[in-house]
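Undergrad:
Protein chains: 2
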Amino acid sequence: MSNGAVPETNPSQFDKADAAFLGDFATLSTFGATAGGGVDRQAGSRADGEQRSWFTQLLTDNGFTVSFDQIGNQFGLLELEVGKPYVVVGSHLDSQPTAGRYDGAYGVLAAAHAAFRLAAEWQAAGLSPRYNLAVVNWFNEEGSRFKPSMMGSSVYTGKMTVDAALATTDPAGITVREALASTDALGEGSGPKAAYCSEIHIEQGRSMERDGIAIGVVDSNWAANKYEFVVHGEQAHTGSTVIADRHDAILGASLLVVAARKIADHFPDGAVHTSVGQLDVYPNSPVVVPSRVNLLLDLRSADEALLQEADRMLHERIEQIERSAQVEVEKVGSHCWPVTPYQAEGVALAEKIVANRGVSHARVKTLAGHDSTNMKDIVPTVMLFVPSVEGISHNEHEYTTDQDIVTGLHVLTDVVRSLCEGELDLL
Amino acid sequence: MSNGAVPETNPSQFDKADAAFLGDFATLSTFGATAGGGVDRQAGSRADGEQRSWFTQLLTDNGFTVSFDQIGNQFGLLELEVGKPYVVVGSHLDSQPTAGRYDGAYGVLAAAHAAFRLAAEWQAAGLSPRYNLAVVNWFNEEGSRFKPSMMGSSVYTGKMTVDAALATTDPAGITVREALASTDALGEGSGPKAAYCSEIHIEQGRSMERDGIAIGVVDSNWAANKYEFVVHGEQAHTGSTVIADRHDAILGASLLVVAARKIADHFPDGAVHTSVGQLDVYPNSPVVVPSRVNLLLDLRSADEALLQEADRMLHERIEQIERSAQVEVEKVGSHCWPVTPYQAEGVALAEKIVANRGVSHARVKTLAGHDSTNMKDIVPTVMLFVPSVEGISHNEHEYTTDQDIVTGLHVLTDVVRSLCEGELDLL
Chain A
1 MSNGAVPETN PSQFDKADAA FLGDFATLST FGATAGGGVD RQAGSRADGE
51 QRSWFTQLLT DNGFTVSFDQ IGNQFGLLEL EVGKPYVVVG SHLDSQPTAG
101 RYDGAYGVLA AAHAAFRLAA EWQAAGLSPR YNLAVVNWFN EEGSRFKPSM
151 MGSSVYTGKM TVDAALATTD PAGITVREAL ASTDALGEGS GPKAAYCSEI
201 HIEQGRSMER DGIAIGVVDS NWAANKYEFV VHGEQAHTGS TVIADRHDAI
251 LGASLLVVAA RKIADHFPDG AVHTSVGQLD VYPNSPVVVP SRVNLLLDLR
301 SADEALLQEA DRMLHERIEQ IERSAQVEVE KVGSHCWPVT PYQAEGVALA
351 EKIVANRGVS HARVKTLAGH DSTNMKDIVP TVMLFVPSVE GISHNEHEYT
401 TDQDIVTGLH VLTDVVRSLC EGELDLL
Chain B
428 MSNGAVPETN PSQFDKADAA FLGDFATLST FGATAGGGVD RQAGSRADGE
478 QRSWFTQLLT DNGFTVSFDQ IGNQFGLLEL EVGKPYVVVG SHLDSQPTAG
528 RYDGAYGVLA AAHAAFRLAA EWQAAGLSPR YNLAVVNWFN EEGSRFKPSM
578 MGSSVYTGKM TVDAALATTD PAGITVREAL ASTDALGEGS GPKAAYCSEI
628 HIEQGRSMER DGIAIGVVDS NWAANKYEFV VHGEQAHTGS TVIADRHDAI
678 LGASLLVVAA RKIADHFPDG AVHTSVGQLD VYPNSPVVVP SRVNLLLDLR
728 SADEALLQEA DRMLHERIEQ IERSAQVEVE KVGSHCWPVT PYQAEGVALA
778 EKIVANRGVS HARVKTLAGH DSTNMKDIVP TVMLFVPSVE GISHNEHEYT
828 TDQDIVTGLH VLTDVVRSLC EGELDLL
């Protein structure tokens, strides 16, 4: 269902600095490497600890000071003038299980290499920019092992308390605090003070590839309603219990999964995306009608009115399912966010830079959540995308060409330079 | 959804021997007791080991010799004449997680108390019956931790090799061999040679309660087609991947669950039962479209022609689901059995006994699998049912009245006496 082609990196077509970046990306891709060409380095895992140690070394080798904050966000600091706030640039190194090599990792490494270039540039010129510079590897953006996703940036931006985050457990009962301690990533304090933020990421969709666009300037995120439901039934014998007596939680849950897809199909042109990614059955035994199913169901749209209509349809359908499957559907959690724009001045800055470089570009929206969608709520933030081949993501076959990730690095370097030099202060 | 009433045992209304049986049943119910009034003692668990030790003590206190065979079947032997084959009577003590107290455990304890009475009776009369007597606690009838179900009796009857059974792993990777060794239940050899078999069990349905029947004489089992399917999709991002590009394994699996129920609903009067009890999602992460779902789907009917028609409908539906959800449905396992009768002479014997006792009775079929459905394929086997209140089973609220379980014990004692004395030899 994908070509899965992963051409070998050929650094000879790039200059020395870009080849070094591609070489470091190849090295980074070996941490938690899977047989299928992807990576498995969930937050706080051994592979995550190992890549963080490697990244610490890379940053210190390039003159940056590394520190971890109270929730394990990893910062590489270039403090050119004590006390000044920072331009914070980066993404996340953690991954889904059997994930691709680009998601998050590309943005972290591009941030580091952009920062290395700028540090060398300022040193050579004897310049000190208006802001200090911090490379960041946010903790647990993926949320696959520890929920919710975007945990590190949520604590940094005050959307989640550090106590709640550290007490979160994985399915084996291990806390975030324990996982961070075991990977030498549990620090103190709340990290450097941000003045601006930037992040570059793969698109994870196929619109840029389709339109032949090298750089996407993200102007807003889609709205999303994310729900955790528990479908309650009654345990019974799968063989001997007559159908009319059953209160089958797995039937109720399955009807919900099907209803979610039907809602997406109801709206034209991909205007609404729905999904169930996680679903757990209890007691999950071959001959027991399940009494309980926990599942996570998402509705997303760029149009808040459509999202509201989809949400209404979902809740109407839930009432029908409760009656037809003789189950109870309980909503035990929800996490909803509206369409919120990235700051217009940041979008304009990025557009000016890509235009100056003669790079094909367009405004795009992010359907996925990113650490930058947290950061933009506290400081002006510039979010850039590079294309994803066939839109494949959260998949070992995730791929972006070397040319595209190098172009992204160049643009990011220009954006971070402008932010550090205070170009947005003047607007 | 059930009254859940569990009246206290009041042994004073029963004679001393029956009160002792009820007292032992109350003690047995404390092993792996759950807060909800049920038990959790999956095969090879600590609670299973503890109840087996207690049962060994009970058997030896009553003059029986205890041994475990190569797959952990626990036998209490009364060898009155060396070399003669045995009447094997019993059921299983292992349970589903959060199960009821009666399933299996009632049949084992009733077998033991029937055997104790007969041993005392023969000793008092100075008689030696035609066959020796073995009480059995079959290993892993439930199959919730180690698949397949009815493992101990399958090995005993040659339907499964001991090597395959011992190598079976639970979800944590622990083998049957390890679990048996850790509970001191791994023996040697293939157990006593059987001449006849008997088992008593709760109905796990509501037909006997509805019809006011105290003893069901089981004359055959339902046919069943049990399948393990793997639904194959492709990992993708739940937010950013457009719906048309998705190969969503959880959607395919959900359509299968719904299809199974629709097939059951297609046939009148509960003629076909269908269910999915177990379903596992990979990677089961909040923001990843699942690439793989494993599930177990059962079809059952007393009418093989209807089962065949239901099976045809299922496979037709699978092809539609593969197209509509853009997934592939792979059948990785199947376990099918036809309607097979219990021996007519055993049915007639049981009917004569209940008629002599003036107990209300009827012929019934078993919808669930039992160890006796294995045993009947190698020796003449008598299977008896007692009623289940509201048909509730595989549920902490499973309940059968003290009067009904005592009546069952009386009838089982008569059946086992007749079998030991060779009454079926003469037919």
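These protein sequence lines are chains A and B, in that order. Using my numbering, the first residue of the first sequence is number 1, and each one after it goes up by one. Using my numbering, the first residue of the second sequence is number 428, and each one after it goes up by one. Backbone N, C-alpha and C fix where the C-beta goes; we use that ideal spot for every residue, glycine too.
Report the partner residues of Pro283 (chain A) according to the DSSP bridge assignment.
TA: Looking at the DSSP assignment, Pro283 (chain A) forms no beta bridge with any residue, so it has no partner.
Undergrad: Which residue from B:Ala698, B:Gly704, B:Gly697, B:Ala676 puts its Cα closest to that of Gly252 (chain A)?
TA: With distances taken between Cα atoms, Gly252 (chain A) lies closest to B:Gly704.
Undergrad: Can you name the residues of chain A whose CB is closer than 9 Å to the CB of Ser580 (chain B)?
TA: Those do not exist, as Ser580 (chain B) stays about 15 Å from chain A at its closest Cβ, beyond 9 Å.
Undergrad: Tell me where the beta strand (DSSP E) around Asn721 (chain B) begins and ends.
TA: It spans 719 to 728 - the beta strand (DSSP E) in which Asn721 (chain B) sits, taken as one unbroken run.
Undergrad: Give me the Cβ distance between Ile629 (chain B) and Ser815 (chain B), rounded to the nearest whole Å; I'm assuming they're in contact under 8 Å.
TA: So it is a contact: roughly 5 Å between Cβ atoms.
Undergrad: How would you list, in chain order, the residues of chain B whose beta-carbon sits under 7 Å from the beta-carbon of Ser95 (chain A)?
TA: The contacting residues do not exist; Ser95 (chain A) stays about 10 Å from chain B at best.
Undergrad: Excluding the 5 residues flanking Ser334 (chain A) on each side, which residues of the same chain have their C-beta closer than 6 Å to its C-beta?
TA: Once the five neighbours on either side are set aside, the close Cβ partners of Ser334 (chain A) are Tyr227.
Undergrad: Using 8 Å as the threshold, is the C-beta distance between Val871 (chain B) and Met810 (chain B) below it?
TA: Because residue 871 (chain B) is not part of the residues shown, which for chain B are 428 to 854, the question remains open.
Undergrad: Consider the Cβ of Met428 (chain B): report whether some Cβ of chain A lies at a distance smaller than 8 Å.
TA: Note that Met428 (chain B) scores a pLDDT of 32, beneath 50, so its modelled location is shaky and nothing firm can be said.
Undergrad: Taking the alpha-carbon positions, what's the Asp442 (chain B) to Lys331 (chain A) distance?
TA: Roughly 52 Å separates the two Cα atoms.
Undergrad: Any beta carbon of chain B sitting closer than 8 Å to that of Ala5 (chain A)?
TA: Summary for Ala5 (chain A): the model assigns pLDDT 42, below 50, so the residue's position carries little reliability; its value from the coordinates is reported in the next sentence. By this cut-off, Ala5 (chain A) is not an interface position.
Undergrad: Can you find a CB in chain B that lies within less than 8 Å of the CB of Asn395 (chain A)?
TA: For Asn395 (chain A), the answer is yes, since a Cβ of chain B falls inside 8 Å of its Cβ.
Undergrad: Does the distance from the C-beta atom of Gly90 (chain A) to that of Trp54 (chain A) stay below 8 Å?
TA: It is not a contact, given that the beta carbons lie outside the stated cut-off.
Undergrad: Using 8 Å as the threshold, is the C-beta distance between Ala687 (chain B) and Leu724 (chain B) below it?
TA: In this structure, Leu724 (chain B) lies closer than 8 Å to Ala687 (chain B) by Cβ.
Undergrad: Counting only C-beta atoms, is Gly143 (chain A) closer than 8 Å to chain B at any point?
TA: Output row for Gly143 (chain A): interface = yes.
Undergrad: Asp298 (chain A) touches chain B at which residues, Cβ-Cβ below 9 Å?
TA: Neighbours of Asp298 (chain A) on chain B, chain order: Thr665, Gly666, Pro713, Val714.
Undergrad: Return the Cβ separation of Ile243 (chain A) and Ala691 (chain B) in integer angstroms, given the expectation that the two are a contact with Cβ distance under 8 Å.
TA: That pair is a contact at about 5 Å.
Undergrad: Hey, could you find the ends of the beta strand (DSSP E) Asn783 (chain B) is sitting in?
TA: Here Asn783 (chain B) belongs to no beta strand (DSSP E); instead the alpha helix (DSSP H) covers 771 to 784.
Undergrad: Compute the Euclidean distance between the alpha carbons of Ser609 (chain B) and Ala539 (chain B), then round it to the nearest angstrom.
TA: About 25 Å.
Undergrad: Here's a check: name, in chain order, each residue in its chain whose Cβ is nearer than 6 Å to the Cβ of Trp764 (chain B), leaving out the five neighbours to either side.
TA: These residues qualify, in order along the chain: Ala651.
Undergrad: Quick one: what's Glu626 (chain B) bridged to in DSSP?
TA: Bridge partners of Glu626 (chain B): B:Met810.
Undergrad: Pull the bridge partners of Cys763 (chain B) from the DSSP assignment, please.
TA: Note: Cys763 (chain B) sits in a beta bridge opposite B:Asn652.
Undergrad: Mapping the DSSP letters down to three states, classify Glu755 (chain B) as helix, strand or coil.
TA: Strand, per DSSP.
Undergrad: Enumerate, from N- to C-terminal direction, the unbroken beta strand (DSSP E) stretches of 3 or more residues contained entirely within the region 108 to 155 of chain A.
TA: Listed in chain order, the complete beta strand (DSSP E) runs (minimum 3 residues) inside the region 108 to 155 of chain A are 132 to 137.
Undergrad: Taking three-plus beta-carbon pairs below 8 Å as touching, is the region 278 to 296 of chain A in contact with the region 228 to 238 of chain A?
TA: Yes, they touch.
Undergrad: Answer yes if the region 481 to 501 of chain B comes into contact with the region 580 to 597 of chain B, meaning at least three C-beta pairs across the two stretches below 8 Å, and no otherwise.
TA: Touching, yes, given that three or more Cβ pairs across the two stretches are closer than 8 Å.
Undergrad: Using alpha carbons as the reference points, say which of B:Thr584, B:Ala594, B:Glu548 lies closest to Gly618 (chain B).
TA: Taking only the C-alpha atoms, the option nearest Gly618 (chain B) is B:Thr584.
Undergrad: Is there at least one Cβ from chain A nearer than 8 Å to Ser576 (chain B)'s Cβ?
TA: For Ser576 (chain B), the answer is yes, since a Cβ of chain A falls inside 8 Å of its Cβ.
Undergrad: I want to see whether chain A comes within less than 8 Å of Thr840 (chain B), judged by CB atoms only; does it?
TA: No, because no Cβ of chain A sits closer than 8 Å to the Cβ of Thr840 (chain B).
Undergrad: Contact between the region 71 to 90 of chain A and the region 136 to 156 of chain A is defined here as three or more beta-carbon pairs at a separation below 8 Å; is this criterion met?
TA: Result yes; three or more Cβ-Cβ pairs closer than 8 Å.
Undergrad: Just the Cα atoms here: how many angstroms apart are Leu593 (chain B) and Thr602 (chain B)?
TA: Using only the alpha carbons, I get a separation of about 6 Å.
Undergrad: On a CA-only basis, which of A:Leu58, A:Gln320, A:Val386 is nearest Val359 (chain A)? Give me that one, please.
TA: Of the candidates A:Leu58, A:Gln320, A:Val386, the one whose C-alpha sits nearest the C-alpha of Val359 (chain A) is A:Val386.
Undergrad: Of all the options B:Cys624, B:Gly643, B:Val582, B:Gln631, which has the alpha carbon lying nearest to the alpha carbon of Gly616 (chain B)?
TA: Minimum Cα distance to Gly616 (chain B) is reached at B:Val582.
Undergrad: Can you tell me which of the three DSSP states Gly94 (chain A) falls into?
TA: According to the sequence provided, residue 94 (chain A) is Asp. The question's Gly does not apply to it. Asp94 (chain A) falls in the coil class under three-state DSSP.
Undergrad: With 16 as the cutoff for other CB atoms within 10 Å, does Ala120 (chain A) come out buried or exposed?
TA: By the neighbour-count rule (16 or more Cβ atoms within 10 Å), Ala120 (chain A) is not buried but exposed.
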